[in-house]
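Residue numbers (mature numbering (1 follows the signal peptide of the UniProt record, and there is no 0)): -20 to -1, 1 to 282.
Cβ coordinates follow ideal geometry from the N, Cα and C atoms, glycine included.
Heads up, the thing below is written out as structure tokens.
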């Protein structure tokens, strides 16, 4: 059974996200063990409006069995993606612990703006309303065993995200419909820290990759929403490996990391889990922390 902290950060119904933060007076913080009192962090309740949420396609059946079904998982993931950007907003200005492993200091202001644009005061960017999330593999990219998702914004008015079957193996952070975080099988549905009965231990790893993080990765490809001064945010920038925790943590040159979607996804995820688990994480270990069994023992390609 998972530790009750998960229930403290769970969404009640579909409108409220609870963010744990160790900065009760708005004091400057860094992401470090000293600043993170895992079990003593106060809560900030953020109300999410409906104006910045993607749509789900007709291939999601609300009556699909078993529950939580794919529709319920993606509805939670939509909120989890915004939750990830909320944690980044709390810490990025003064984060001297995690940020340097992903991005260059001179890019901090623009990278902050990108996350802030998606977050839109915790309501989600208006452009998200244009995105259709579907399961139908229209471009036949899901069959390689490594792909979690792909997206397209060729027509900027009708962008889409395809979630492959592997994506639904990824877990949630906030409350899933019909699945109490205290259920005996909750570990199969919720990501959690090792000390809370989960798999997220001492190293940055694929266990941090939730379905919400997968969506955040795909949001980074939406040029009209991101409008990055660096240019389009892509995968494997200029042919450099850009998927998975090993590639994005310290290994990718910073001028490539700023245009690499998985760098943004893993930075946000490590920020969240550093806060929730209350400790720093060590570097990911090649051949261990990047070999995701959900993607055939490889780094997943969201």
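With a contact defined as Cβ atoms closer than 8 Å, residue 138 and residue 110 qualify at about 7 Å. Taking 7 Å as the cut-off, the beta carbon of residue 103 is found no closer than this to the beta carbon of residue 195. Annotation for residue 223: 215, 216, 242, 279, 280, 281 and 282 place their beta carbon closer than 8 Å to its own, counting only its chain and skipping 5 residues before and after. Rounded to whole angstroms, the Cβ separation of residue 54 and residue 251 is 23 Å, and the two are not in contact under 8 Å.
Excluding the 5 residues flanking it on each side, residue 47 has same chain C-beta neighbours closer than 8 Å at 157, 158 and 159, in chain order. Excluding the 5 residues flanking it on each side, residue 118 has same chain C-beta neighbours closer than 7 Å at 142, in chain order.
Distance check between residue 204 and each of 74, 98, 191 and 82 places 98 closest, using alpha-carbon atoms only. For the set 79, 173 and 200, the Cα lying nearest the Cα of residue 234 is the one of 79. Burial is judged here by how many other beta carbons sit within 10 angstroms of a residue's own beta carbon; residue 266 has fewer than 16 and is exposed.
The straight-line gap separating the alpha-carbon atoms of residue 226 and residue 43 is approximately 39 Å. Within the same chain, Cβ atoms closer than 8 Å to the Cβ of residue 190 are found at 57, 60, 150, 151, 152, 153, 171 and 249, the five residues on either side in sequence being excluded. For residue 126, the number of other beta carbons within 10 angstroms of its own is at least 16, and it is reported as buried.
Counting only residues of its own chain and dropping the five nearest sequence neighbours on each side, residue 100 has a CB closer than 8 Å to the CB of 32 and 106. DSSP, reduced to helix, strand and coil, places residue 243 within a helical segment of the structure shown. One thing to note: residue 36 has its Cβ no nearer than 7 Å to the Cβ of residue 148.
Residue 70 and residue 34 have their C-alpha atoms some 24 Å from each other.
Minimum Cα-Cα distance from residue 108 among the listed residues 199, 39 and 91 corresponds to 199. Residue 187 sits in a helix when the DSSP states are folded into three classes. Just measuring C-alpha positions, the residue of 165, 212 and 166 sitting nearest residue 133 is 212. Secondary structure of residue 123 (DSSP, three-state): helix. Within the same chain, 82, 83, 228 and 243 come within 7 Å of residue 237 by CB-CB distance, once the 5 residues on both sides are set aside. Minimum Cα-Cα distance from residue 240 among the listed residues 257, 162, 219 and 253 corresponds to 219. Cβ atoms of residue 39 and residue 121 stay farther apart than 8 Å, at about 16 Å. DSSP, read as helix, strand or coil, puts residue 35 in strand. Shown here, residue 281 sits in a strand according to DSSP, grouped into three states. A check of alpha carbon separations from residue 247 across 52, 86, 92 and 41 identifies 92 as the nearest. In the displayed model, residue 128 falls within coil according to three-state DSSP, outside both helix and strand.
DSSP, read as helix, strand or coil, puts residue 174 in helix.
Put simply, the backbone Cα of residue 192 is about 14 Å away from that of residue 144.
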